[in-house]
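Structure first, commentary second.
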């Protein structure tokens, strides 16, 4: 099942609904990176709360989405990492690198807002 | 070993099937919350190694019942090319497949027991166990 991607203002919101195969995660990466340019998005939010695990492949793919989106002008925030998944990621030794995280959607939107303000200040 | 399940692994959808079967069986064994996710994540890593490096293999999961403890065993078996240097393969960040190199060492940290046997040209068998902690 492909992940629905919603557009809210200049933010893309990908809400993962069920466990994803590696191929499905790669397809999400490609669709998101493409759409960032198509709609000139400044922010990307990925809700992973329905993912059963965040293993090394899922983590690597989220990092790839964040880096390629940034190269296309958008900041990525991952939301919905459960305590169980967080603990498993720590044990595995996984790091999200430069990917921002937030507890929920409201928090993610506030973060993007802040990020935008900081960017404007720099301009 | 009592009852269990075998899942043939040869494409990426099988990785999801194996970790979900593992989570179900782990719940039956009496594992709770975080442990279910740790087990599912470890299975995901070893199953992916089969798909990436060996193409075909299987994962056998079984409940373990001993006199004073319960647990679960996961055996990932393939007849792939084998691992040339197991010591290196167990090191964080080492990969010949373009990955993060955390699969095997990470799976070892997620489970209680971890053994790996590999012969070049013959295949690789990873055996992992986890025990239900009494609270």
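Protein chains in written order, with my numbering: chain H, 248 to 370; chain C, 40 to 174.
Positions of the beta carbon are idealized from the N, C-alpha and C atoms, including for glycine.
Query	Result
Give me the chain H residues within the contact set of residue 87 of chain C, using Cβ-Cβ distance strictly less than 9 Å, ordered along the chain.	269, 302, 303, 304
Provide the residue span of the beta strand (DSSP E) that contains residue 347 of chain H, from first to last.	347-349
Using a cut-off of 9 Å between C-beta atoms, extract the partners of residue 307 of chain H located in chain C.	138, 139
Closer than 9 Å by beta-carbon distance: list the chain C residues that pair up with residue 325 of chain H, in chain order.	Within chain C, no residue comes near residue 325 of chain H; the closest Cβ sits about 17 Å away, beyond 9 Å.
DSSP three-state call for residue 75 of chain C: helix, strand or coil?	helix
When we look at the beta-carbon of residue 88 of chain C and count the other beta-carbons within 10 Å, is it buried (16 or more) or exposed?	buried
Note down, in chain order, every chain H residue with its Cβ under 8 Å from the Cβ of residue 103 of chain C.	Within 8 Å Cβ-Cβ: nothing; residue 103 of chain C doesn't reach chain H, min ~21 Å.
By the 10 Å Cβ neighbour count, where 16 or more other Cβ atoms means buried, how is residue 369 of chain H classified, buried or exposed?	exposed
With a threshold of 9 Å between beta-carbons, can residue 315 of chain H be considered close to chain C, or not?	no
Determine the direct distance from the alpha carbon of residue 69 of chain C to that of residue 310 of chain H, and round the result to whole angstroms.	34 Å
For residue 274 of chain H, does the three-state DSSP call read helix, strand or coil?	helix
For residue 66 of chain C, does the count of other Cβ atoms within 10 angstroms reach 16, so buried, or fall short, so exposed?	exposed
Could you check where the alpha helix (DSSP H) with residue 308 of chain H kicks off and where it finishes?	303-318
Please name the residue, chosen from H:248, H:306, H:282, that lies closest to residue 291 of chain H on a Cα-to-Cα basis.	H:282
List the residues of chain H whose Cβ lies closer than 9 Å to the Cβ of residue 110 of chain C, in chain order.	Within 9 Å Cβ-Cβ: nothing; residue 110 of chain C doesn't reach chain H, min ~17 Å.
Keeping to the same chain, check which residues put their C-beta closer than 8 Å to that of residue 160 of chain C; ignore five residues upstream and five downstream.	120, 121
Whole angstroms is fine: what's the gap from residue 41 of chain C's alpha carbon to residue 103 of chain C's?	Bear in mind that the predicted position of residue 41 of chain C carries a pLDDT of just 47, short of 50, making it too unreliable to give a figure here.
Below 8 Å on the Cβ atoms is my contact criterion, and I expect residue 249 of chain H with residue 274 of chain H to pass it. Report the Cβ-Cβ distance as a whole number of Å.	7 Å
Should residue 251 of chain H be labelled buried (16 or more other beta-carbon atoms within 10 Å of its own) or exposed?	exposed
Measure the C-alpha to C-alpha separation of residue 332 of chain H and residue 59 of chain C and round it to an integer number of angstroms.	15 Å
Within a Cβ cutoff of 6 Å, which residues of the same chain sit near residue 256 of chain H, ignoring the five residues on either side of it in sequence?	none
Go ahead and pull the three-state DSSP assignment for residue 56 of chain C.	helix
Below 7 Å CB to CB, which residues in the same chain sit around residue 355 of chain H once its five sequence neighbours on both sides are set aside?	292, 324, 326, 349
Just checking my contact of residue 113 of chain C with residue 125 of chain C at CB under 8 Å: how many whole Å lie between their CB atoms?	So it is not a contact: roughly 18 Å between Cβ atoms.
Any Cβ of chain C within less than 9 Å of the Cβ of residue 330 of chain H?	yes
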